[in-house]
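Chains as they are written, first to last, in the numbering used here: chain A, 420 to 542; chain B, 420 to 542.
Read the structure below first, then the notes.
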């Protein structure tokens, strides 16, 4: 029993979890697992990258709260959305999806900024 | 005029776009721009990473359509969500947000899979 103790993460995740067992040939399932392994790696990268992005927006939130600036900045958001659509076009990602994605993230960020601002005002 | 021709991307994006001009001291604005520069870099990474993730899920979509498998896989999605929540916890990202994010991406993926399946059936 000298193996390193598993984290909750490694213990519980089954990379072969599927509702397709028994419904499909083994070769097809193996090909599916191979692609899903890549998707799982991309998802881990996305989580860590989003975490880092929120660390940066938390810094913006504290700066804004300290100087009593509004949580949202419409001109900035407009410029970000146009840039992300252009980047998406270059990356062959659907620009509509990229815009929806950024709006989804920004709405979370504004919620954070509002919370930070409220806690500054309460202090 | 020997400078390389700008792409549409570089031409139009103003990293200092803001509704805060004139409302805030220059030092604060400079600090804000510095953090926003990092956010813009994270966003470019997110777009390219999402593009690569969709390339992988498109491969899954074609595999599923070829073998007449359903667009969604509930057991897989459940395992993915639990893993992402655990990863988010490790990365100090709100697990609720990570789950909402994955559901947002998965709903787009299922839409793609449905489109691929429809075009296979039409062929």
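We put the CB at the ideal spot given by N, CA and C, even for glycine.
Around the beta carbon of residue 480 of chain B, 16 or more other beta carbons sit within 10 angstroms, so the residue counts as buried. Take the alpha-carbon of residue 503 of chain A and the one of residue 519 of chain A: they are about 10 Å apart. Under the three-state reduction of DSSP, residue 451 of chain B is assigned to helix. For the pair residue 431 of chain A and residue 444 of chain A, the Cα-to-Cα distance works out to about 26 Å. Taking 9 Å as the Cβ-Cβ cut-off, the stretch 456 to 471 of chain A approaches chain B at 457, 458, 459, 461, 462, 463, 464, 465, 466, 467, 468, 469, 470 and 471, given in chain order.
If you draw a straight line from the Cα of residue 450 of chain A to the Cα of residue 489 of chain B, it comes to about 16 Å. Per the coordinates, the alpha-carbon of residue 527 of chain B lies some 12 Å from the alpha-carbon of residue 472 of chain B. Short of 8 Å from the beta carbon of residue 452 of chain A, and not among the five residues preceding or following it, lie these beta carbons of its own chain, in chain order: 434 and 435.
Interface residue (Cβ-Cβ distance to chain B less than 8 Å): residue 493 of chain A is classified as such.
Under the DSSP assignment, residue 506 of chain B falls in the alpha helix (DSSP H) whose first and last residues are 493 to 510. By the beta-carbon neighbour count (other beta carbons within 10 angstroms, threshold 16), residue 541 of chain B is exposed. For residue 486 of chain B, the neighbours in chain A by C-beta distance under 8 Å run, in chain order, 443, 444 and 447. Look at the stretch 526 to 540 of chain B: the residues with a C-beta under 8 Å from a C-beta of chain A are 527.
Within chain B, the residues 482 have their CB atoms less than 8 Å from the CB of residue 450 of chain A, given in chain order. Look at the stretch 499 to 513 of chain B: the residues with a C-beta under 9 Å from a C-beta of chain A are 499, 501, 502, 503, 505, 506, 507, 508, 509, 510, 511, 512 and 513. Around the beta carbon of residue 532 of chain B, 16 or more other beta carbons lie within 10 angstroms, which makes this residue buried. Going by beta carbons, residue 468 of chain B and residue 521 of chain A fall outside the 8 Å limit. Annotated three-state conformation of residue 439 of chain A is coil, per DSSP. Collapsing the DSSP output to three states places residue 487 of chain A in coil. Counting along the chain, residue 444 of chain A sits inside no alpha helix (DSSP H), nor does DSSP assign it H or E at all.
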